[in-house]
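Right, one structure below, let's go through it.
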Amino acid sequence: FGTSPGNGYSKPIRVSIAPENPRAIELVIDQVVRAPEFKETERVKLFELESKALSAFHGKSIKLRAGVVLPKSFADNPGKKYPVVYEIPGFGGNHFMAFGAERRGATDVAGVEFLHVMLDPDCRTGHHVFADSANNGPYGKALVEEFIPALEKKFRAVGVPQGRLLTGHSSGGWSSLWLQVTYADFFGGTWSTAPDPVDFRDFQRVNIYKPGINLFVDEEGKERPLARRGGRPALWYRGFSDMEVVMGRGGQLASFEAVFSPRGQDGQPRKLWDRKTGKIDPEVARAWQAYDIRLILENNWKTLGPRLKGKIHVYMGGEDTFYLDGATRLLKESLQKLGSDAVVEIFPGRDHGNLIDARLRERIKREMAATFRQYQS
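Residue numbering for the sequence shown follows our numbering, beginning at -16 and increasing consecutively.
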């Protein structure tokens, strides 16, 4: 909201407040937030592509963007082709995070050089999670059919599933898992950390399918927490929802509706919950089943199971800040019953921010490298 290009703001001024001399303070909104410039370096490049599918959906030009981190040997080996890691940032993140990826050595993956592509998931409604949506448009289709083929041609990618891997954290964790499940043959594996709810029977502790369920209060009338800190509730659904009403479009909760909900007669995403009472609309909840990853896997396991063999890796903190661990536990149980070889690990005591440490990061790199080496052999 405060950093979106085109928004207005005032210059900061210093004022003295004296109770004995009250006066009006004038703040003039005469400044405009400008879009940040992506300043390319020798190894970090901007890649943009106007999407025909998204532009047709929205009736105007829509571009997909990514920050591409080149391997150290890229310039000196013009004939070499590289595998790719596609990373999807969490809510509020974008392709500018490619610069941080370069600093942390993201292209050196356990002895294998990868291109590291930081995708931009940001849109006017929040985080589009690269899922085709009645409201946001065909972001998944645009990524897989338009953007990735063009990017891989320009940056000399190997262009095979085992060299086309996914990762992401939080909303990016959900996105990466969604893309792997939806395009099972196109991608060679996902390493998803702390994903947004992957089972809507536990949507941050709310079973949205339960008759009469309320987002704001539980069955005893107690306020439902949305986040915790140190084991204690720190945010509540009601207050967070009220804040988003004031802030306008693009908030985290409303962002889910923009992806998962049908479009209403007013052209806006249908609301899952009543903004005043918290009551969940069962018809909208049923529509959300089309994006319930656990349910999709169960309903399509006969065909998806063989195509996802060895490809799913999900990691979650046992004390996730946003109560995301509940849905991941349900996904783990479901995959075990299905006989899947998916790796779904819950790390006791870890939360949303400290889940990924050096050991887990290096482990993920080793497993990614092993996936590509299987293709090479």
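Note that the Cβ used here is the ideal one computed from N, Cα and C, for glycine as well.
The structure presented is a predicted model; accordingly, all values stated were derived computationally and were not measured.
Query: Counterpart residues of Pro208 in DSSP-defined beta bridges; Result: Trp219
Query: Between the CA atoms of Glu3 and Gln235 - distance to the nearest angstrom; Result: 43 Å
Query: Per-residue burial, Val143 [other beta carbons within 10 Å of its own, 16 or more giving buried]; Result: exposed
Query: For Asp105, the three-state DSSP class (helix, strand or coil); Result: strand
Query: Nonlocal neighbours in the same chain, by C-beta distance under 6 Å from Asn77, ignoring five residues either side; Result: Asp103, Asp105
Query: Proximal residues to Ile347 (C-beta, below 6 Å), its chain only, five neighbours per side dropped; Result: Trp174
Query: Asp308 (DSSP reduced to helix, strand or coil); Result: helix
Query: Three-state secondary structure assigned by DSSP to Phe30; Result: strand
Query: C-beta contact flag for Gly156 and Asp179 at 8 Å; Result: yes
Query: Nearest neighbour of Leu126, chosen from Tyr69, Met226, Ala89 [CA to CA]; Result: Tyr69
Query: Rounded C-alpha distance that separates Asp340 from Lys320; Result: 30 Å
Query: Inter-stretch contact (C-beta, 8 Å, three-pair minimum) for the region 14 to 30 and the region -11 to 3; Result: yes
Query: Alpha-carbon to alpha-carbon, Ile329 and Asp303; Result: 10 Å
Query: Residues near His41 by beta carbon distance below 8 Å, same chain, minus five either side; Result: Gly120
Query: Secondary structure of Lys63, DSSP reduced to three states; Result: coil
Query: Enclosing beta strand (DSSP E) for His152 [first to last residue]; Result: 147 to 152
Query: Asp308 versus Lys193 - alpha carbon distance; Result: 19 Å
Query: Beta-carbon proximity list for Glu23, same chain, < 7 Å, skipping 5 on both sides; Result: Leu29
Query: Between the CA atoms of Ser56 and Ala84 - distance to the nearest angstrom; Result: 17 Å
Query: Per DSSP, cross-strand counterpart(s) of Asp185; Result: According to DSSP, Asp185 bridges with nothing at all.
Query: Pick from Tyr220, Arg215, Pro252, Gln248 that is closest to Arg232, judged by C-alpha positions; Result: Pro252
Query: CA-to-CA distance, Val326 to Leu287, given in whole angstroms; Result: 16 Å
Query: Nonlocal neighbours in the same chain, by C-beta distance under 7 Å from Trp284, ignoring five residues either side; Result: Leu321
Query: Nearest candidate by alpha-carbon position, reference Leu98, set Val52, Ser238, Phe79, Tyr166; Result: Val52
Query: Boundaries of the alpha helix (DSSP H) in which Ile131 is found, first to last residue; Result: 131 to 137
Query: Leu318 to Asp59 span [Cα, whole Å]; Result: 45 Å
Query: Residue from Arg258, Leu291, Arg342 whose Cα sits closest to the Cα of Trp161; Result: Leu291
Query: Residues that Thr176 bridges to, as DSSP identifies them; Result: His152, Tyr298
Query: Short Cβ contact (8 Å threshold) for Ala167 with Val67; Result: no
Query: Counted within 10 angstroms of its Cβ, other Cβ atoms place Val(-2) as buried (16 or more) or exposed; Result: exposed
Query: Rounded C-alpha distance that separates Phe223 from Pro208; Result: 10 Å
Query: The region 189 to 203 / the region 261 to 268 touching (three or more Cβ pairs under 8 Å); Result: yes
Query: Per-residue burial, Gly300 [other beta carbons within 10 Å of its own, 16 or more giving buried]; Result: buried
Query: Within 8 Å, strictly: CB atoms of Ala81 and Met101; Result: yes
Query: Collapsed DSSP secondary structure at Arg232 in the structure displayed; Result: coil
Query: Sequence-distant residues of its chain with Cβ nearer than 6 Å to Pro245 (five each side left out); Result: Ala117, Arg253, Ala270
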